[in-house]
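Working notes, structure below.
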Amino acid sequence: KMNGYNGSQCWDTSFAIQGVVESGLGPEFPEMCQKVYDYLDRTQIRTNEDNKDYWFRHESKGGWPFSTSAHGWPISDCTAEGLKGVLALMDQKGINHTIPDERIFDAV
Numbered sequence: 003k004m005n006g007y008n009g010s011q012c013w014d015t016s017f018a019i020q021g022v023v024e025s026g027l028g029p030e031f032p033e034m035c036q037k038v039y040d041y042l043d044r045t046q047i048r049t050n051e052d053n054k055d056y057w058f059r060h061e062s063k064g065g066w067p068f069s070t071s072a073h074g075w076p077i078s079d080c081t082a083e084g085l086k087g088v089l090a091l092m093d094q095k096g097i098n099h100t101i102p103d104e105r106i107f108d109a110v
C-alpha cells in the first residue's frame, strides 16, 4: 500500500489564516488565531530524517508539509506559506508565541 498525501491541512490552514489576518478579522477571532498558530507550531518538521543521505532525502528540519507532520516531507511552497501564516499571526495581539526564532530561521 502506498500513500502520497494524507490531506492538505497545512496548505489550506496557511492560506486561510493569511486571509483572516489580511482582512482585519483576526482580533474578532482570537481563540481561532491561537489554535491556528498552535497547529502550525505542531506541524512544522523539527528534525531531519535519520540516514537522509542513504535515502536521498533533503533537509527536512524547519519545513512545513502539504498536510500534517506525519507526512514528513517538507515542500518549499508549503514551507513558505506556513512561515507566512506564522509571521502574520505574530502581529496579532493575544497570541502566545511558542515558536522560537531558531525554528523560524530553520524554515529559511
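Following the working numbering, the numbering of the sequence shown begins with 3 at its first residue and continues without gaps.
Virtual Cβ for every residue (Gly too), placed ideally from N, Cα, C.
Bear in mind the structure is a predicted one, so any value in this text is a computation, not a measurement.
Please state whether DSSP places residue i in a helix, a strand or coil.
i, result
"T49", "coil"
"W13", "helix"
"V110", "coil"
"G26", "coil"
"K3", "Summary for K3: the model assigns pLDDT 46, below 50, so the residue's position carries little reliability; its value from the coordinates is reported in the next sentence. DSSP places K3 in coil when its eight states are reduced to three."
"W21", "First, the residue type needs correcting, since residue 21 is Gly and not Trp in the sequence shown. Helix, per DSSP."
"E33", "helix"
"R59", "coil"
Is residue i a contact residue of the ligand NAP, with contact defined as CB to any heavy atom under 8 Å?
i, result
"P76", "With respect to small molecules bound, the structure shown includes none, and the ligand NAP cannot be examined in it."
Pick from the options: whose alpha carbon is nearest that of residue i?
i, options, result
"A2", "W57, Q46, V22", "As displayed, the chain neither begins before 3 nor continues past 110, which places residue 2 out of reach and without an answer."
"R59", "V88, D79, W75", "W75"
"A109", "K86, K95, G96", "K86"
"V38", "A72, D55, S25, A90", "A90"
Along the chain, where does the alpha helix (DSSP H) that runs through residue i open and close?
i, result
"T81", "78 to 92"
Would you mind giving the Cβ-Cβ distance between residue i and residue j, rounded to the nearest angstrom? I have them listed as a contact below 8 Å.
i, j, result
"S10", "S69", "6 Å"
How about the segment 26 to 36 and the segment 63 to 71: do they share at least three Cβ pairs that are nearer than 8 Å? no
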